[in-house]
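Input: a single structure, listed below in structure tokens.
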Amino acid sequence: MHLLKNRRILIGVTGGIAAYKTAQLIRDLRKLGADVRVIVTPFTRSFVGDMTFETLSGNRVSADWSEDPLAHINLARWAEVFLIAPCTVNTLSKIALGIGDTLLTTTVLAYDRTLLIAPAANTVMFRNPAVQENLRKLRERGILIIEPERGLLACEEEGEGRLADPERLKDWILWALHPKPLEGKRILLTCGATREYIDPVRFVSNESSGEMGFSLARVARWMGAQVKVIAGFTTAPEPPETDVVRVKTAEDMRRAVLEEFGNADVVIMNAAVADYRPLRTSDRKIKKGGKLILELEQTPDILAELGRKKKTQILVGFALESEELLKNARKKLKLKNLDMIVANPPEVMGAGHHKGYLITASGFEEFAFESKIESALFIMNRISKLTAS
Ligand code: CTP
Numbered sequence: 278m279h280l281l282k283n284r285r286i287l288i289g290v291t292g293g294i295a296a297y298k299t300a301q302l303i304r305d306l307r308k309l310g311a312d313v314r315v316i317v318t319p320f321t322r323s324f325v326g327d328m329t330f331e332t333l334s335g336n337r338v339s340a341d342w343s344e345d346p347l348a349h350i351n352l353a354r355w356a357e358v359f360l361i362a363p364c365t366v367n368t369l370s371k372i373a374l375g376i377g378d379t380l381l382t383t384t385v386l387a388y389d390r391t392l393l394i395a396p397a398a399n400t401v402m403f404r405n406p407a408v409q410e411n412l413r414k415l416r417e418r419g420i421l422i423i424e425p426e427r428g429l430l431a432c433e434e435e436g437e438g439r440l441a442d443p444e445r446l447k448d449w450i451l452w453a454l455h456p457k458p459l460e461g462k463r464i465l466l467t468c469g470a471t472r473e474y475i476d477p478v479r480f481v482s483n484e485s486s487g488e489m490g491f492s493l494a495r496v497a498r499w500m501g502a503q504v505k506v507i508a509g510f511t512t513a514p515e516p517p518e519t520d521v522v523r524v525k526t527a528e529d530m531r532r533a534v535l536e537e538f539g540n541a542d543v544v545i546m547n548a549a550v551a552d553y554r555p556l557r558t559s560d561r562k563i564k565k566g567g568k569l570i571l572e573l574e575q576t577p578d579i580l581a582e583l584g585r586k587k588k589t590q591i592l593v594g595f596a597l598e599s600e601e602l603l604k605n606a607r608k609k610l611k612l613k614n615l616d617m618i619v620a621n622p623p624e625v626m627g628a629g630h631h632k633g634y635l636i637t638a639s640g641f642e643e644f645a646f647e648s649k650i651e652s653a654l655f656i657m658n659r660i661s662k663l664t665a666s
């Protein structure tokens with residue numbers, strides 16, 4: 278999966294203990310095919326040696342002008358995106374003031390595309406009014422500050438100031454490099470499985486990791502959309518920087534979706550909604566003994582209801598069919614009044630790869646990808662075309 282093939286990413290690493298996490302980030306970016314260059318400050322070298330960054334990036338580390346008197350200009354021109362992680366409060370304050378006293382800060386002055394800054398500091402240092410004022414200045418200039426996380430800091434204190442997780446940093450780089458055809462669009466997306474309870478600990482449900490839905494949410498964010506996810510039960514990790522609301526049953530999901538429906542431009546129903554629920558739910562754990570017969574009733578069909586209610590919204594559904602995939606999915610497209618349906622065979626469940634058909638009223642396309650994130654890119658691209666037409 279080469280999502281970042283040949284993309285030119287410049288990483289500035291300043292002297293903080295969190296610098297070791299940036300080594301992992303560089304490894305992850307290279308795995309996605311990116312070309313990565315690293316600038317360090319003199320103090321960075323006290324925490325992580327050049328050899329670590331050189332081995333992981335496959336490029337020489339830049340620290341000063343000894344090898345190229347125009348290093349700041351050449352690096353600034355080369356980079357498509359520039360991330361400083363970790364950024365000490367010292368370096369971020371210097372950037373806010375326009376100071377260029379190291380190769381890193383001078384390159385910032387020579388650079389005019391997307392700059393991402395991920396600060397890391399002790400909580401008191403981070404909260405210092407001078408630092409906060411400088412952060413405000415940077416934000417006002419359009420520099421993107423990747424907020425630090427709360428947690429146990431290297432100084433053994435608990436609080437805000439921990440460098441954003443490498444997964445979050447990677448997601449912001451993908452965001453920065455992606456075109457924004459969905460800017461201003463509000464996307465409501467459901468995913469995961471609902472549970473229909475028999476008693477407090479037993480339920481009827483479906484198989485679903487939520488990975489496809491979460492991948493769609495990530496890609497929609499990279500494309501500039503405002504994304505809200507209503508998720509049932511999932512095992513896949515949640516997408517970073519995304520509003521995820523949790524629900525349990527089909528009825529909970531129905532209510533949550535209807536509440537947001539009026540505000541949405543696009544609704545994607547990826548959830549594996551249980552089709553049946555027990556007619557009665559016991560509020561106590563049922564004791565075993567003899568035969569147990571469950572009577573089930575149908576849950577509300579959320580997507581069909583949206584199809585009846587829709588005004589300007591683009592409605593996208595999913596269909597999992599073990600036979601007559603195309604024929605059955607086409608039927609659902611019509612019956613539920615959808616703009617698009619993604620039809621998948623059952624073998625994609627729990628699998629890394631993904632394949633199926635993307636169907637609209639005017640035709641269909643077959644697709645097959647190595648990963649769900651690549652499928653998500655393909656599907657979201659087609660959805661963005663629908664929003665533009
Ligand atoms: N769906 C829904 N509410 C339900 C069941 C399904 O909104 N109670 C949505 C799913 O999220 C999916 C689409 O409808 O986008 C199709 O779901 P699927 O389970 O494939 O089909 P069903 O309509 O439930 O029909 P069947 O199970 O008989 O194939």
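Heads up: the sequence shown begins at 278 in the working numbering, then just goes up one per residue.
Glycine residues also receive a C-beta, built at the ideal position from the N, C-alpha and C atoms.
Being a predicted model, the structure only gives us computed values, none of them experimental.
Within 8 angstroms, do at least three Cβ pairs link the stretch 601-618 to the stretch 459-476?
These segments do not touch.
Closer than 6 angstroms: is that where the CB of M657 sits relative to any heavy atom of the ligand CTP?
No, the Cβ of M657 stays beyond 6 angstroms of every heavy atom of the ligand CTP.
According to the neighbour-count rule (16 or more other Cβ atoms, all chains shown, within 10 Å of its Cβ), is P623 buried or exposed?
It counts as exposed.
Is the closest heavy atom of the ligand CTP to the C-beta of I545 under 6 angstroms?
Every heavy atom of the ligand CTP is 6 angstroms or more from the Cβ of I545, so no.
Within its chain, find whatever has a CB closer than 8 angstroms to the CB of L381; leave out the 5 residues flanking it on each side and keep chain order.
So the list reads G289, T291, I316, V317, T318, I361, T368, once near-sequence residues are dropped.
Take every Cβ of the stretch 636-653, pair it with every Cβ of the stretch 485-497, and state whether three or more of those distances are shorter than 8 angstroms.
Enough Cβ pairs lie closer than 8 angstroms, so yes.
Quick one: complete beta strand (DSSP E) runs, 3+ long, within the stretch 362-407?
For the stretch 362-407, whole beta strand (DSSP E) runs of length 3 or above, ordered along the chain, are 392-396.
Comparing alpha-carbon positions, which option in A645, A453, K308 lies nearest I394?
When each option's Cα is compared against that of I394, the closest is A453.
When we look at the beta-carbon of H279 and count the other beta-carbons within 10 Å, is it buried (16 or more) or exposed?
Its Cβ having fewer than 16 others within 10 Å, H279 is exposed.
Whole angstroms are fine: how far does the CA of F510 sit from the CA of E528?
Cα to Cα, E528 sits roughly 14 angstroms from F510.
Tell me whether the beta-carbon of V619 lies closer than 7 angstroms to the beta-carbon of L635.
Yes, the Cβ-Cβ distance between V619 and L635 is below 7 angstroms.
Taking the alpha carbon of D560 as the reference point, which residue from G629, P477, R322 has its own alpha carbon closest?
D560 has its Cα closest to that of P477, out of G629, P477, R322.
For E574 versus L556, is the C-beta spacing smaller than 7 angstroms?
For E574 and L556, yes; Cβs fall inside 7 angstroms.
For N540, count the other beta carbons within 10 Å of its own beta carbon; 16 or more makes it buried, fewer makes it exposed. Which is it?
Label assigned to N540: exposed.
Quick one, which of R284, A348, L430 has its alpha-carbon nearest V358's?
If we check each option's Cα against that of V358, R284 comes out closest.
Given this structure, state the Cα-to-Cα distance separating V506 from L466, to the nearest angstrom.
Between V506 and L466, the C-alpha separation is close to 5 angstroms.
Out of A513, M500, Q503, point me to the one whose CA is closest to S485's CA.
Taking only the C-alpha atoms, the option nearest S485 is A513.
Among the candidates Y297, E344, A508, E435, whose CA atom is the shortest distance from the CA of G487?
It is A508.
For M626, which of helix, strand or coil comes out of DSSP?
Looking at M626 - three-state DSSP - the assignment turns out to be coil, as it is neither helix nor strand.
Enumerate in chain order the residues of its own chain whose CB-to-CB distance from S334 is below 6 angstroms, with the five nearest sequence positions on each side excluded.
Only I303, V313, V315 meet the Cβ criterion.
Suppose contacts are defined by Cβ-Cβ distances below 7 angstroms. Is W342 in contact with A348 by that definition?
Contact: yes.
Quick one: Cα of A295 to Cα of T391, how far?
The straight-line gap from Cα to Cα measures roughly 22 angstroms.
Using the C-alpha atoms, what's the distance from H455 back to W499?
Between W499 and H455, the C-alpha separation is close to 6 angstroms.
Just checking F491 against the ligand CTP - is the residue's beta carbon closer than 6 angstroms to any of the ligand's heavy atoms?
Incorrect: F491 has no Cβ contact closer than 6 angstroms to the ligand CTP.
Beta-carbon within less than 8 angstroms of R585's beta-carbon, same chain only, minus the 5 sequence neighbours each way: which residues are those?
Only N614 meet the Cβ criterion.
Spatial neighbours of V338 within its chain, please: C-beta separation below 6 angstroms, excluding the five flanking residues on both sides.
Excluding residues within five positions, the ones whose Cβ falls inside 6 angstroms are V315, V317, D327, F330, E331.
Suppose the cutoff is 6 angstroms on Cβ atoms and the five residues either side in sequence are ignored; what does the same chain contact list for R531 look like?
So the list reads P577, I579, once near-sequence residues are dropped.
Is it the case that the Cβ atoms of I591 and L663 are separated by a distance below 7 angstroms?
Yes, Cβ-Cβ distance for I591 and L663 is below 7 angstroms.
Using a threshold of 7 angstroms, state whether the C-beta atoms of D542 and K462 are closer than that.
Yes, the Cβ-Cβ distance between D542 and K462 is below 7 angstroms.
Could you tell me if K371 is buried or exposed, where buried requires 16 or more neighbouring beta carbons within 10 angstroms of its beta carbon?
That one is buried.
How should N336 be labelled, buried or exposed, when 16 other C-beta atoms within 10 angstroms of its C-beta is the threshold for buried?
So N336 ends up on the exposed side.
Return the bridge partner residues of C468 from the DSSP annotation.
DSSP lists A508 as partners of C468.
Is any heavy atom of the ligand CTP found at a distance shorter than 6 angstroms from the C-beta of A494?
Result no, Cβ not under 6 angstroms from the ligand CTP.
Between A407, K525, D305, which lies nearest to I450 when the distance is taken from Cα to Cα?
Ranking A407, K525, D305 by Cα distance to I450 puts D305 first.
Determine the contact status of A670 and I545, defining contact as a CB-CB distance below 7 angstroms.
The structure shown does not extend to residue 670, since the chain spans only 278 to 666, so no value can be given for it.
Measure the C-alpha to C-alpha separation of K632 and E647 and round it to an integer number of angstroms.
Answer to the nearest angstrom: the Cα atoms are 9 angstroms apart.
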